[in-house]
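**Q** Under my numbering, the sequence shown has 333 at position 123, and the numbering climbs by one with no breaks.
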Amino acid sequence: MDWIRLTKSGKDLTGLKGRLIEVTEEELKKHNKKDDCWICIRGLVYNVSPYMEYHPGGEDELMKAAGSDGTDLFDQVHRWVNYESMLKECLVGRMAIKPAVPKDYREEKKVVNGMLPKSQVTDALAKEGPRSPSYDWFQTDSLVTIVIYTKQKDINLDSVIVDHQDDSFRAEIIIKDYSYIIHLGLSHEIQEDLSVRVVENVGKIEIVLKKKENTSWKRLGHPLENHDSLVPKKGLHYRKCQLISKEGVTHDTKLFCLMLPPSTHLQVPIGQHVYLKLPITGTEIVKPYTPVSDFLLSEVKEPVILNNKYIYFLIKIYPAGLFTPELDHLQIGDFVSVSNPEGNFKISQFQELEDLILLAAGTGFTPMVKILTYALTNIPSLRKVKLMFFNKTEDDIIWRSQLEKLAFKDKRFDVEFVVSAPTSEWNGKRGHISPALLSEFLKRSLDKSKVLVCICGPTPFTEQGIRLLHDLNFSKDEIHSFTA
Ligand code: FAD
Ligand code: NAD
211 MDWIRLTKSG
221 KDLTGLKGRL
231 IEVTEEELKK
241 HNKKDDCWIC
251 IRGLVYNVSP
261 YMEYHPGGED
271 ELMKAAGSDG
281 TDLFDQVHRW
291 VNYESMLKEC
301 LVGRMAIKPA
311 VPKDYREEKK
321 VVNGMLPKSQ
331 VTDALAKEGP
341 RSPSYDWFQT
351 DSLVTIVIYT
361 KQKDINLDSV
371 IVDHQDDSFR
381 AEIIIKDYSY
391 IIHLGLSHEI
401 QEDLSVRVVE
411 NVGKIEIVLK
421 KKENTSWKRL
431 GHPLENHDSL
441 VPKKGLHYRK
451 CQLISKEGVT
461 HDTKLFCLML
471 PPSTHLQVPI
481 GQHVYLKLPI
491 TGTEIVKPYT
501 PVSDFLLSEV
511 KEPVILNNKY
521 IYFLIKIYPA
531 GLFTPELDHL
541 QIGDFVSVSN
551 PEGNFKISQF
561 QELEDLILLA
571 AGTGFTPMVK
581 ILTYALTNIP
591 SLRKVKLMFF
601 NKTEDDIIWR
611 SQLEKLAFKD
621 KRFDVEFVVS
631 APTSEWNGKR
641 GHISPALLSE
651 FLKRSLDKSK
661 VLVCICGPTP
671 FTEQGIRLLH
681 DLNFSKDEIH
691 SFTA
């Protein structure tokens, strides 16, 4: 907040009195001190000296890129941060000579006309990445179907993200660490709702659009940025979602339900998070959140979330926080931007799983919700699921009675609550994560059971937990930690 206030104060933060200049590599190199520090990100140069004391990662982290191109470093650490908005008052200008940014995978494309276009893959990608998909389209009187041939076996509905805003149509197919993008200005208008089908074993995707008028389309549209290209996953695409409901869960957490636009297809895979974006006093602020399912709330066995139009978030409101009070002030019907999903949890980690152990602290419980739901309904080999849920006080425990009910109903599931600041009435487990608490709890149901331990919470909790798990001889493959 202090940084945002400074950027709005009218103070000259670049030292250039609002002028933008062309920066040569030699010039950039000269600005490599704390009180005179320029950094280039994606061809734009910023004077970050005034920002030093506000950088959450500290000055030393910023100084690693002083006087140089920090694009790679930035992408490694927090590529989701909206630096353009945060640093717009620090913009010095553009690099005069193209800096050594990561390879540009884009190529100009001239015609797209319903012919199978030759995919645009650079030599580097062709060698390192997956095979590039291709696409085609056909039409009936009322429908246009875009068919994408990914030639991949592990494609499912989670891999496909489609948006149609104004007359721009964008489909992103996630293939490992790459995205195949169809991005077009459609030649004709379409109706709001669209549908997506996937033939999983051959990796064929069909996106069905409804024509607004029953005329014959001569062409699908004109190409927009990155159209028909396979690019390393980078940047985040957002769409505006409407707040449908907001309900208190504990004294400081709320369940937010957001509705996707009708012309969006997006499913957040288990264990992955998205970024929510809101303008806060004129600056776009972005924070990560992990969607939950409402399974624990409903008495029915199947999760109701399956219609995929709604995304639920369990969010703790920090009164002195930057983002959550703003989110809490939203009214029903207001909009929040939601990004594409991110994260490295893979469903394949569940294969042949026998014991699943979940260690959650505070809102670190959120990734566990879908994991728990999925594991109990979809893994036939599963014998035991155990959740150890760490909170400060009894009142902080999210969905306590629902978890207790589930443990009563499903004999495979056990839950243990641990409280670090208990009242005298608390007669359950106490304290922070420790060998004493973990060693008994982590016992496998059988000697050689295939086990996965998932851990999520405040960073010191997660780091300490991982150390303890290693001390207790859990291998790297048996631990999944959720971090940013
Ligand atoms: P912040 O401004 O970050 O402040 C948080 C707290 O820290 C406040 O109490 C504030 O007073 C204090 N604080 C801030 N700066 C300082 C400082 N310099 N010194 C001392 N104290 C300070 N959270 C959820 O509730 N639900 C989720 O599903 C969820 N999913 C996440 C997924 C991922 C991958 C990650 C990394 C985090 C997730 N989080 C989740 C946390 C979330 O992203 C935010 O960090 C959280 O909501 C706090 O945001 P804020 O801007 O409101 O608070
Ligand atoms: P909190 O401050 O209420 O603490 C909950 C419990 O965490 C405490 O009772 C304690 O047992 C443990 N804990 C806290 N600090 C600890 C420390 N220094 N050492 C050992 N244990 C400690 O938690 P909260 O405010 O709900 O915060 C939840 C955290 O989880 C946030 O930092 C959030 O960013 C993180 N989170 C991460 C993800 C993800 O996917 N990476 C998802 C959701 C939440």
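Positions of the beta carbon are idealized from the N, C-alpha and C atoms, including for glycine. All values derive from a computational prediction rather than experimental measurement.
#1: Quick check: CYS451 and LEU465, are their CB atoms within less than 8 Å of each other?
#2: Taking DSSP's pairing of strands, which residues face TYR388 in a bridge?
#3: Excluding the five sequence neighbours on either side, which residues of its own chain have a C-beta within less than 8 Å of the C-beta of ASP544, listed in chain order?
#4: Specify whether the region 595-610 and the region 561-572 touch according to this definition: at least 3 beta carbon pairs, one from each stretch, less than 8 Å apart.
#5: Restricting to runs no shorter than 3 residues, where is the beta strand (DSSP E) found entirely within the region 544-592?
#6: With a threshold of 8 Å between beta-carbons, can GLU235 be considered close to chain B, or not?
#7: Cβ-heavy atom distance between PRO343 and ligand 1 below 7 Å?
#8: Tell me which same chain residues have a C-beta within less than 7 Å of the C-beta of ASP631, skipping the five on either side of it?
#9: Ligand 1 and THR534: does the residue's C-beta get closer than 7 Å to at least one heavy atom of that ligand?
#10: Going by C-alpha distance, which of ILE417, LYS497, SER352 and GLU235 is nearest TRP427?
#11: Can you tell me whether ASN436 is buried or exposed? The criterion is at least 16 other CB atoms within 10 Å of its CB, across all chains shown.
#12: Among GLN349, VAL418, ARG341 and PRO433, which residue has its Cα nearest to the Cα of SER389?
#13: Helix, strand or coil, according to DSSP, for PHE651 in the structure here?
#14: So, does the region 660-668 touch the region 619-636, judging by three or more C-beta pairs under 8 Å?
#15: Identify whether PHE671 lies in helix, strand or coil by the three-state DSSP scheme.
#16: To the nearest angstrom, report how far apart SER405 and HIS374 are at their CA atoms.
#17: So, under 8 Å CB-CB, TYR446 and TRP290 are touching, yes? Tell me the CB distance rounded to an integer number of Å.
#18: Any chance the CB of ALA530 is under 7 Å from a heavy atom of ligand 1?
#19: Confirm the yes/no value for this check: CB of TYR499, any heavy atom of ligand 1, distance under 7 Å.
#20: Should the region 268-275 be called in touch with the region 230-238, which here means at least 3 C-beta pairs below 8 Å?
#21: May I have the straight-line CA-CA distance separating PRO266 from LEU440, to the nearest angstrom?
#22: Count the other CB atoms within 10 Å of the CB of LYS421; is the residue buried (16 or more) or exposed (fewer)?
#23: Where ILE676 and THR224 are concerned, what is the direct C-alpha to C-alpha distance, given to the nearest angstrom?
#24: Below 7 Å, is the gap between the Cβ of LYS526 and the nearest heavy atom of ligand 1?
#25: Nearer than 7 Å: is that true of the beta carbon of ASP504 relative to any heavy atom of ligand 2?
#26: Pop quiz: THR491 and LYS218 are said to be a contact at Cβ under 8 Å. What is the actual Cβ separation, rounded to whole angstroms?
#27: Between GLY641 and LEU648, which are expected to be in contact by the criterion C-beta below 8 Å, what is the C-beta distance as a whole number of angstroms?
#28: Between LEU394 and PRO433, which are expected to be in contact by the criterion C-beta below 8 Å, what is the C-beta distance as a whole number of angstroms?
#29: So what's PRO471 in DSSP terms, helix, strand or just coil?
#30: Count the other CB atoms within 10 Å of the CB of GLN401; is the residue buried (16 or more) or exposed (fewer)?
#31: Taking the C-alpha atoms as reference points, what is the distance between GLU235 and MET305?
#32: Taking the alpha-carbon positions, what's the VAL302 to TYR256 distance?
#33: Starting from PHE618, trace the alpha helix (DSSP H) both ways and give me its first and last residue.
#34: Per DSSP, which residues does CYS666 bridge with? Please list them.
**A** A quick look at the data gives this:
#1: no
#2: ILE385 and PRO442
#3: GLN452 and LEU453
#4: yes
#5: 545-549 and 565-571
#6: This model lacks chain B altogether; it includes just one protein chain.
#7: no
#8: According to the sequence as given, residue 631 is Ala; it is not Asp. LYS602 and THR603, listed in sequence order.
#9: yes
#10: SER352
#11: buried
#12: ARG341
#13: helix
#14: no
#15: helix
#16: 12 Å
#17: The amino acid occupying residue 446 in the given sequence is Leu; Tyr does not appear at that position. Confirmed, about 6 Å.
#18: yes
#19: yes
#20: no
#21: 33 Å
#22: buried
#23: 43 Å
#24: yes
#25: no
#26: 7 Å
#27: About 11 Å separates the two Cβ atoms, so there is no contact after all.
#28: 6 Å
#29: coil
#30: exposed
#31: 7 Å
#32: 5 Å
#33: 610-619
#34: ALA570
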